[in-house]
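Chemist:
Residue numbers (the numbering used here): 78 to 334.
1. Count the other CB atoms, across all protein chains shown, that sit within 10 Å of the CB of residue 322; report buried if there are 16 or more and exposed otherwise.
2. Whose C-beta lies closer than 7 angstroms to the C-beta of residue 276 among residues of the same chain, with five residues either side of it excluded?
3. Residue 137 to residue 156, Cα distance in whole Å?
4. Would DSSP call residue 312 helix, strand or coil?
5. Is the segment 107-119 touching the segment 145-154, taking contact as three or more C-beta pairs under 8 angstroms?
6. Since residue 282 is in the beta strand (DSSP E), which residue starts that stretch and which ends it?
7. Can you check which of these residues, 98, 280, 161, is closest to residue 200 by C-alpha distance?
8. Do residue 241 and residue 264 have their beta-carbon atoms positioned less than 8 angstroms apart in this structure?
9. For the alpha helix (DSSP H) holding residue 251, just list the boundary residues, first then last.
10. Would you mind working out which of 284, 290, 211 sits nearest residue 305, comparing C-alpha positions?
11. Using the DSSP secondary-structure output, state which residues sit across from residue 96 in a beta bridge.
12. Out of curiosity, what's the CA-to-CA distance linking residue 207 and residue 326?
Take a look at the structure:
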């Protein structure tokens, strides 16, 4: 069955997007990403070298012809820095697809929503395809879609927490109204969390810490791939309704008395 994720006019087979931070080495990063089956790989431009060819460069390990490199603005605390970081990535030839992340608080790493909206307006006007990291707020999601963002990326839980989806009800509201892909970003801890996001109807899931900080990142990357695939297939198949009482598995009609 052909079932693809489409973002900003580009088609992807995998619905799993993975980050590149916290690994022991670029070689481990490469192996984990290979095991994940991901086609979109996000990179923190301010933290991981993808622009200086004179230093060890992540792109020496990840073929840009094979992967879509998604530069992100991690570490930015205001709209101006986020916009500047996206422009830097574009000048380095990475492309116009960017993950917009403007942090509002060091302790929780929750997004600064007003600054995110401000930066999104500028970036969309400049021709970027913007994927904004946001709280699980349906109003913010709608505003960013109206601005022209290519997707919305509500958090499942705080970045790196591994708590899984804390508020499925808000995510359902976002899914009901969004006309762009909804990609769960941040807070996933294990494969069942990824499966739950896709079972709900989310179009994809982005993660980093859950894989990179696992005891066996390569094996966890494979588990996440399978979780995403299972969740998506379950969503398309359509689960049975929940019932309080039992229902016989075998038909009762024609039963011998």
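In this text, a Cβ means the ideal position worked out from N, Cα and C, and glycines have one as well.
Modeler: Looking at the coordinates:
1. Taking the first residue of the chain shown as 1, we reach residue 322 at position 245. So residue 322 ends up on the exposed side.
2. Mapped onto the chain shown, residue 276 falls at position 199. So the qualifying residues of the chain are 308, 311, 312.
3. Translated into positions along the chain shown, residue 137 becomes position 60. Translated into positions along the chain shown, residue 156 becomes position 79. The alpha-carbon atoms of residue 137 and residue 156 are separated by roughly 30 angstroms.
4. In the chain shown, counting from the first residue as 1, residue 312 sits at position 235. The answer is helix: DSSP assigns residue 312 an H, G or I state.
5. Flag = yes, the segment 107-119 and the segment 145-154 touch.
6. By one-based count along the chain shown, residue 282 stands at place 205. 281-284 is the span of the beta strand (DSSP E), which, as asked, contains residue 282.
7. Residue mapping note: residue 200 aligns to position 123 of the chain shown, counting from 1. The residue with the shortest Cα to Cα distance from residue 200 is 161.
8. Within the chain shown, residue 264 is the residue found at index 187, counting from 1. Within the chain shown, residue 241 is the residue found at index 164, counting from 1. Taking 8 angstroms as the cut-off, the beta carbon of residue 264 is found closer than this to the beta carbon of residue 241.
9. Here residue 251 refers to the residue found at position 174 of the chain shown. 245-254 is the span of the alpha helix (DSSP H), which, as asked, contains residue 251.
10. Translated into the one-based positions of the chain shown, residue 305 becomes position 228. Nearest C-alpha to residue 305: 284.
11. On the chain shown, position 19 is the one that residue 96 refers to. Looking at the DSSP assignment, residue 96 forms a beta bridge with 119.
12. Looking up residue 207 in the chain shown gives position 130. Looking up residue 326 in the chain shown gives position 249. Cα to Cα, residue 207 sits roughly 48 angstroms from residue 326.
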